[in-house]
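This report concerns only the one structure given below.
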Amino acid sequence: MTKYIFVTGGVTSSLGKGIIAASLAKLLQSRGLKVTIQKFDPYINVDPGTLNPYEHGECFVTEDGAETDLDLGHYERFLNIFTSQANNVTTGRIYQTVINQEREGAYLGKTVQVIPHITDEIKRRMLLIGDTGKYDIVITEIGGTVGDIESLPFVEAVRQLQWEMEEEDCLVIHLTLIPYLKAAKELKTKPTQHSVKLMSENGVHPDIIVCRTERSLNQELRKKIALFCNVKTEAVIEAMDASSIYEVPLKMLNEGLDVIVLKKLKINGYSAPELGKWKEFLDKLKYPSGKVTIGLIGKYIELQDAYKSILESFVHAGAINECKVQIVNVHSEFITEENVAEKLGNLDGLLVAPGFGKRGVEGKIFAVQYAREKKLPFFGICLGMQMAAIEFARNILNLKDAHSTEMDENTSNPVIDLMEEQKSVTTKGGTMRLGSYPCELKSGTLANEIYGQSLISERHRHRWEFNNAYLDRFEKAGMIASGKNPATGLVEIIELKDHPFFIGVQYHPELKSTVENPQPIFVDFIKAARLFSQTKASEKG
Ligand code: GLN
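Residue numbers (the numbering used here): 1371 to 1911.
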């Protein structure tokens, strides 16, 4: 029998509901329970795939090719599980289903309404993963903030489910903010009281209040929150700001969040938390024995959420190498031939980020050239790989106008071209090459050495590809295709023979890095960067 936990947010957005939900899931998983998490987003886009990274951060792609909210990345990284299309549902998708059904005549004769039709569809999807019988607990994070008009149908669906289920099968956790007022030197509980009141007006009463706070809550304050929010004092959980998101599960363990959840859900016979690996990872993260500086070349660098999975992959890869990874963000729009050495001169490694459109690509190409010529460890992801191919074509093959047809439709050397199946695609949502594809690695290559196997599978999100008409010339001149899709022959990995570490991948390896399984290219890239930095230091004497 699957039990359900709903996580709502109050007072303000950006409180880290995803991290709290993932941390709780981790603790429950560490006690031997089968847990998964899903996210319901109140916006009207069918999925976040059509959203600009500035609006919503990175778009996380699942194995089955769903374009989803970045919180699913946290779920996978914390739990070391795969999520799927079913784990992320938006208002847009709910309405799309209901409206399609209406057109098919499923509600013939009836007025289609928010209650019951929209709420029924929300409830159906909230129970969908649990209905598979694979999980003991399904945690559902409700995006947005309680009080938003668009959140209302979701809160109503939770109310109905709570009413329909046995009391011990469902509980609600409300994440809220306890602001500290400097002038008054006091933590304030009023916004929390209001937000809980707002939920109660909608018929949902939280069982547990998790309080985000900069300062510790004393017993008196916990009692006050408990009294006004009508929960037991032990159900008031402090969530202090943490130096790393990976510390949050341990903080929640100290606060007893998992124990109170298990008690309320009347789950008995669970084991003690098995967090050995997690703690080992945290120890390595906290006490590194070395440091490397990696340049992240992108055009969305003002917003760190745009590269969330890449940054987290570096945290995982850094920890396993016991090496602090300092990321220097370099805006690709401002890199020129003249300033490239000055901007990249202090780096131990260079990652050219994924992206779309023309803005900033020339800067990326100068950065690749610098890494190639200076033998600086280089890692290109998706657009970054494509830029590496263009740089090689222009500067080594002497095809001066080589480009991707994404940026220049009329180039006479389209070394990166639109994939055949993309040529007839005109609609934007969910139409890229998405999700997991196999890739065969050539033996004796860097890619083969990194992965230690010959058949891998990684996730994709792109429309353009390496143009195989040029492959021969590339390979003869020293840039080889070390990974290919076995069915189509699409080039998935390129690397330079004559370079200590130069690799570009068409897929997104960052989407599969987890605390327990750091992604191998990131791990070896950090190793190469460390070697580069040590060699540099010894040369300086
Ligand atoms: N814009 C490129 C393409 O669609 C690269 C995409 C990416 O970096 N995710 O092929």
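Cβ coordinates follow ideal geometry from the N, Cα and C atoms, glycine included.
Counting beta carbon pairs with one atom in the segment 1474–1485 and one in the segment 1892–1904, are three or more of them shorter than 8 Å? no
Is the beta carbon of D1628 closer than 8 Å to that of L1398? Translated into the one-based positions of the sequence shown, residue 1398 becomes position 28. Translated into the one-based positions of the sequence shown, residue 1628 becomes position 258. Going by C-beta atoms, L1398 is nearer than 8 Å to D1628.
Pick out the complete alpha helix (DSSP H) segments inside the segment 1560–1587, 4 residues or longer, and give them in chain order. Positions of the alpha helix (DSSP H) runs, each at least 4 residues long and wholly inside the segment 1560–1587, are given as 1560–1571 in order along the chain.
By the three-class DSSP mapping on this structure, what secondary structure does E1790 have? The residue labelled residue 1790 in the question sits at position 420 within the sequence shown. Reduced to three states, the DSSP call for E1790 is helix.
Helix, strand or coil at E1708 [DSSP, three-state]: Translated into positions along the sequence shown, residue 1708 becomes position 338. Three-state result, E1708: coil.
Helix, strand or coil for D1434 per DSSP? Here residue 1434 corresponds to residue number 64 of the sequence shown, with the count starting at 1. If DSSP states are grouped into helix, strand and coil, D1434 belongs with coil.
Opposite A1851 in the DSSP bridges: which residues? Locating residue 1851 in the sequence shown gives position 481, counting from the first residue. Beta-bridge pairing links A1851 to I1864.
Beta-carbon within less than 6 Å of C1429's beta-carbon, same chain only, minus the 5 sequence neighbours each way: which residues are those? To locate residue 1429, count along the sequence shown from 1; it is residue 59. P1418, G1419 and E1437, listed in sequence order.
Beta bridge counterpart(s) of F1872 as assigned by DSSP: Translated into the one-based positions of the sequence shown, residue 1872 becomes position 502. Answer is F1748, bridged to F1872.
What does DSSP give as the partner residue(s) for W1834 in the beta ladder? Your numbering for residue 1834 matches position 464 in the sequence shown. Answer is L1788.
Return the CA-CA distance between M1757 and V1861, expressed in angstroms with no decimal places. Here residue 1757 refers to the residue found at position 387 when the sequence shown is read from its first residue. Here residue 1861 refers to the residue found at position 491 when the sequence shown is read from its first residue. Each residue's Cα considered, the two are about 14 Å apart.
Beta-carbon contacts of H1487 that lie in its chain and below 6 Å, excluding the five residues immediately before and after: Position 117 of the sequence shown, counting from 1, holds the residue named residue 1487. So the qualifying residues of the chain are V1468.
Should G1719 be labelled buried (16 or more other beta-carbon atoms within 10 Å of its own) or exposed? On the sequence shown, residue 1719 is found 349 positions in, with the first residue counted as 1. Buried, since its Cβ has 16 or more Cβ neighbours within 10 Å.
In this structure, how does DSSP classify M1757 when only helix, strand and coil are distinguished? Reading the sequence shown from its first residue, position 387 is the one you call residue 1757. Here M1757 sits in helix by DSSP.
For M1610, the three-state DSSP class (helix, strand or coil): Here residue 1610 refers to the residue found at position 240 when the sequence shown is read from its first residue. Three-state DSSP puts M1610 in a strand.
Whole angstroms are fine: how far does the CA of V1618 sit from the CA of M1777? On the sequence shown, residue 1777 is found 407 positions in, with the first residue counted as 1. On the sequence shown, residue 1618 is found 248 positions in, with the first residue counted as 1. Approximately 43 Å between the Cα atoms of the pair.
Could you tell me the distance, in whole angstroms, from the CA atom of P1747 to the CA atom of R1582? Within the sequence shown, the letter at position 377 stands for residue 1747. Within the sequence shown, the letter at position 212 stands for residue 1582. P1747 and R1582 have their C-alpha atoms some 40 Å from each other.
Under the three-state reduction of DSSP, which class applies to S1813: helix, strand or coil? On the sequence shown, residue 1813 is found 443 positions in, with the first residue counted as 1. Coil, per DSSP.
Do the segment 1757–1769 and the segment 1729–1742 meet, that is, are 3 or more Cβ pairs less than 8 Å apart? yes
Check whether the segment 1551–1567 and the segment 1480–1500 are in contact - that is, three or more C-beta pairs closer than 8 Å. Contact between the segment 1551–1567 and the segment 1480–1500 is absent, because fewer than three Cβ pairs lie under 8 Å.
Alpha carbon of T1395 to alpha carbon of S1813, nearest angstrom: Numbered from its first residue, the sequence shown carries residue 1395 at position 25. Numbered from its first residue, the sequence shown carries residue 1813 at position 443. According to the sequence provided, residue 1395 is Ala. The question's Thr does not apply to it. Rounded to whole angstroms, A1395 to S1813 spans 40 Å at the Cα level.
If you reduce the DSSP assignment to three classes, tell me which class F1984 lands in. With the chain represented from 1371 up to 1911, any question about residue 1984 goes unanswered, as that position is not in the structure.
Measure the beta-carbon distance from Y1640 to V1508 and round it to whole angstroms, keeping in mind my assumption that it falls under 8 Å. Residue numbering aside, residue 1640 sits at position 270 when the sequence shown is read from its first letter. Residue numbering aside, residue 1508 sits at position 138 when the sequence shown is read from its first letter. Contact flag wrong, Cβ pair sits at about 17 Å.
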